[in-house]
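Data first, discussion second: the structure below is written as structure tokens.
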Amino acid sequence: MLLLDVVEHAASRFAEVGIDSALVDAELLAGHVLGLNRGQVQAEIIRGGFLTEQQSELLNHLYARRLAREPLQHITGLAYFRNLELKVGRGVFIPRPETEFVAQLAIDALRANLAEAPAPIAVDLGTGSGAIALAMATEVSQAQIYAVEKSAEAMPYTAANFEAYSHSEAILIQGDLANAFAELDGKVAVVASNPPYIPVAMIPRDPEVRLFDPELALYGGQDGMSVIHLVSATARRLLIDGGTLIIEHADSQSEQVCQLLLADGWRDVRAHQDLTSRDRAVTAKK
Ligand SMILES: C[S@@+](CC[C@H](N)C(=O)[O-])C[C@H]1O[C@@H](n2cnc3c(N)ncnc32)[C@H](O)[C@@H]1O
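Note that the numbering used here has the sequence shown beginning at 1130, numbered continuously upward.
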């Protein structure tokens, strides 16, 4: 089979069912089967490359999974986040591009104080795949990073990712963020969290999210704020005076999160916009 025909056919079927990134996904899945990156797949298409029968059978099987709206990252088993390649699959939240700027806020806060505190401690609450924690650990090597994740289903992926980046010496525990790391009370410079924040009644429209992301990663109670309350309380316990809290939230929640933090006694509460100019994170100082 001509690679061009197989990829184009898949891309048009993906587009028909409403997959936004139809051609990209078709090319990336072809690359997954052929052991090529996307640019190399495009070059192979231009060269008039062919698939063997076995390759085309495997690829069509993967295309059928994607047509059923299984996320691309579950099919390839990988998600890319900043400089990291993370293992993902059923049971763990796929890290999103917008969280990369939340990790940047945490990294900036850690770097800002290296002169006074050369080995700062940072904590990631609800680490999922380990995205924010491992970004901090690999990009600020002087920092000691701790992370907590509650979900037993996520944990095999979380643990595998911490193992893959074990040189960073980041520490992972399984547990509830509400009572995690009592031994670090008053010693932490930065707490970062991308908690579940969707109100339970607001079921996401995208099947990839609704059917494949774990509920524990998505829903934050009636108003979406229940885990954000816990993050605020835990961060107040963990942080040193002057320490920084960073919380990701939905684009409609900035005001609500700012008010919650002010009511909890935080100072210097600031809203931050992602690269698409949407309010997606709040920082505050203890
Ligand atoms: C939106 S996901 C974010 C995951 C990861 N930090 C990221 O940005 O990709 C929220 C994560 O918090 C975890 N979580 C939810 N409630 C928790 C709790 N009470 N204690 C610890 N982790 C929790 C979920 O299992 C999920 O992995």
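All C-beta atoms in this analysis are idealised placements derived from N, C-alpha and C, irrespective of residue type, glycine included.
For G1220, count the other beta carbons within 10 Å of its own beta carbon; 16 or more makes it buried, fewer makes it exposed. Which is it?
In the sequence shown, the residue the question calls residue 1220 occupies position 91. The residue is buried, with at least 16 neighbouring Cβ atoms inside 10 Å.
If we require 3 or more residues per run, which beta strand (DSSP E) segments fall completely within the stretch 1213–1264?
1213–1216, 1250–1254
My guess is that G1255 and N1189 are in contact by the Cβ rule of under 8 angstroms, so how many angstroms apart are they, rounded?
The residue labelled residue 1255 in the question sits at position 126 within the sequence shown. The residue labelled residue 1189 in the question sits at position 60 within the sequence shown. Rounded, the Cβ-Cβ distance is 37 angstroms, inconsistent with contact.
For G1350, which residues in the same chain have their Cβ closer than 7 angstroms to its Cβ, ignoring the five residues on either side in sequence?
Position 221 of the sequence shown holds residue 1350. V1329.
Is A1293 near ligand 1, judged by its Cβ being under 7 angstroms from some heavy atom?
Translated into the one-based positions of the sequence shown, residue 1293 becomes position 164. No, the beta carbon of A1293 sits no closer than 7 angstroms to any heavy atom of ligand 1.
When DSSP builds the beta bridges, which residues end up paired with V1322?
Taking the sequence shown and counting its residues from 1, the one referred to as residue 1322 is at position 193. Before going further, note that residue 1322 is Ser rather than Val in the sequence given. In the DSSP output, where bridge partners are listed per residue, S1322 has L1254, I1376.
With which residues is Q1402 paired in a DSSP beta bridge?
Against the sequence shown, residue 1402 aligns to sequence position 273. Q1402 pairs with D1408.
Between which residues of its own chain and G1178 is the CB-CB distance below 6 angstroms, once the five residues before and five after are set aside?
For the purposes of this step, residue 1178 is identified with residue 49 of the sequence shown, where counting begins at 1. Counting only Cβ-Cβ distances below 6 angstroms, and skipping sequence neighbours, we find L1132.
Buried or exposed for A1276, going by 16 or more other Cβ atoms inside 10 Å?
Position 147 of the sequence shown, counting from 1, holds the residue named residue 1276. Buried, by the Cβ-count rule.
State the DSSP-derived secondary structure class of D1335, mapped to helix, strand or coil.
Taking the sequence shown and counting its residues from 1, the one referred to as residue 1335 is at position 206. Coil.
Exposed or buried, what is S1258 when buried is set at 16 or more other beta-carbons lying within 10 Å of its beta-carbon?
On the sequence shown, position 129 is the one that residue 1258 refers to. By the 10 Å Cβ count, S1258 comes out buried.
Alpha carbon of A1299 to alpha carbon of R1240, nearest angstrom
On the sequence shown, position 170 is the one that residue 1299 refers to. On the sequence shown, position 111 is the one that residue 1240 refers to. If I take the Cα positions, the gap works out to 17 angstroms.
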